[in-house]
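Comments concern the structure below.
Residue numbers (the UniProt record's numbering): 1 to 35.
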């Protein structure tokens, strides 16, 4: 179980980083649209 949990964390961390980057990009696009 602990090995699986570590594997899941290793997989999810980069996914979180990607989603955060995408959200930031979306926020920038939204700012550009509103101006």
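From the three backbone atoms N, C-alpha and C, an ideal C-beta is built for every residue, glycine too.
Model, not experiment: these values are computed from the prediction.
A direct Cα-Cα distance of roughly 14 Å separates residue 27 from residue 18.
The same chain holds no residue with a CB closer than 6 Å to that of residue 21 once the five nearest residues on each side in sequence are set aside. Between the alpha carbons of residue 7 and residue 24 lies a distance of about 27 Å.
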